[in-house]
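Novice: I'd like to ask some things about the structure below.
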Amino acid sequence: MISWDMIRLPQLGSVLLAELDGVSLIYLGLGEEQLQALNVFAGRYYSAHELVRRSSPLLAEAANQIWQYWRGERQVFDLPVALAGTEFQKRVWRAMAEVPFGETTTYGQIAAHIGAPKALRAVGQACGANPVPIIIPCHRVLARNGLGGFSCGTSYKRLLLAREGIFK
Numbered sequence: 002m003i004s005w006d007m008i009r010l011p012q013l014g015s016v017l018l019a020e021l022d023g024v025s026l027i028y029l030g031l032g033e034e035q036l037q038a039l040n041v042f043a044g045r046y047y048s049a050h051e052l053v054r055r056s057s058p059l060l061a062e063a064a065n066q067i068w069q070y071w072r073g074e075r076q077v078f079d080l081p082v083a084l085a086g087t088e089f090q091k092r093v094w095r096a097m098a099e100v101p102f103g104e105t106t107t108y109g110q111i112a113a114h115i116g117a118p119k120a121l122r123a124v125g126q127a128c129g130a131n132p133v134p135i136i137i138p139c140h141r142v143l144a145r146n147g148l149g150g151f152s153c154g155t156s157y158k159r160l161l162l163a164r165e166g167i168f169k
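Structural data, given as structure tokens:
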């Protein structure tokens with residue numbers, strides 16, 4: 002069973018969190034249309050699981066850690082996460098997870114870090130497919146010549162980077 006719940010943060014708005022069988026976080030979405038996006042994601046990777054809105058100890062802890070991050074009290078997350086994606090995507094996500102709070106990297110630097118220096122476009126696509134933004138900080142990955150995209154929209158990326166003191 003996939004349980005999900007939603008919290009609202011000042012400025013950021015709705016944050017949807019989903020977990021699988023009470024064991025691992027599988028999805029975090031920003032914005033008002035995230036339930037539809039969760040349905041698509043769950044259908045692709047977890048089609049045999051029912052979606053149910055209910056809290057759980059894991060979702061409560063995830064919500065608590067997101068609140069702590071938003072208030073500036075947390076820089077690293079300590080949550081069990083199950084990543085659904087290709088092996089290439091998982092390599093990109095692991096590399097993104099190493100980017101510290103308050104710092105940024107580029108798609109090219111991530112590509113070089115994972116040993117695929119010419120795969121900038123694929124790295125960008127993997128960033129966009131990250132199922133748990135903020136926790137795996139794809140917002141810290143920038144284009145060489147500017148902000149770059151963000152799966153939840155560039156306005157959210159700017160907010161998150163500003164929260165970390167990168168953009169004012």
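Each number in the working numbering comes from the position in the sequence shown (counting from 1) with 1 added on.
All C-beta atoms, glycine included, are put in the ideal place defined by N, C-alpha and C.
1. Pick out whichever of V100, R122, L18 and A112 has its Cα sitting closest to the Cα of H140.
2. Select from Q12, N40 and P11 the residue whose C-alpha is nearest the C-alpha of W5.
3. Which residues in the same chain have their Cβ closer than 6 Å to the Cβ of C128, if we skip the five residues on either side of it in sequence?
4. Quick check on the DSSP output: the alpha helix (DSSP H) that includes G109 runs from which residue to which?
5. Ignoring anything shorter than 4 residues, give me the alpha helix (DSSP H) runs that lie fully in the stretch 111-165, in order along the chain.
6. Does DSSP put V16 in a helix, in a strand, or in coil?
7. Would N131 and W71 be called neighbours here (beta carbons separated by less than 9 Å)?
8. Since I believe L52 is in contact with A43 (beta carbons under 8 Å), could you give me their beta-carbon distance rounded to a whole number of angstroms?
9. Distance check for K119 and I67, CA to CA, integer angstroms please.
10. Report the residue from V124, P11 and M7 whose alpha carbon sits nearest the alpha carbon of E88.
11. Pick out whichever of M7, Q69 and L36 has its Cα sitting closest to the Cα of T164.
12. Which same chain residues end up closer than 8 Å to R145 when comparing Cβ atoms and leaving out the 5 residues on each side of it in sequence?
Specialist: According to the data block:
1. Among V100, R122, L18 and A112, the Cα nearest to that of H140 belongs to V100.
2. N40
3. C139 and V142
4. Y108 to H114
5. Fully enclosed alpha helix (DSSP H) runs of 4 or longer: 121-129 and 155-164.
6. In this structure, V16 counts as strand in the three-state DSSP scheme.
7. no
8. 6 Å
9. 34 Å
10. V124
11. Rather than Thr, the amino acid found at residue 164 in this sequence is Arg. The shortest Cα separation from R164 among M7, Q69 and L36 belongs to Q69.
12. T107, Y108 and G109
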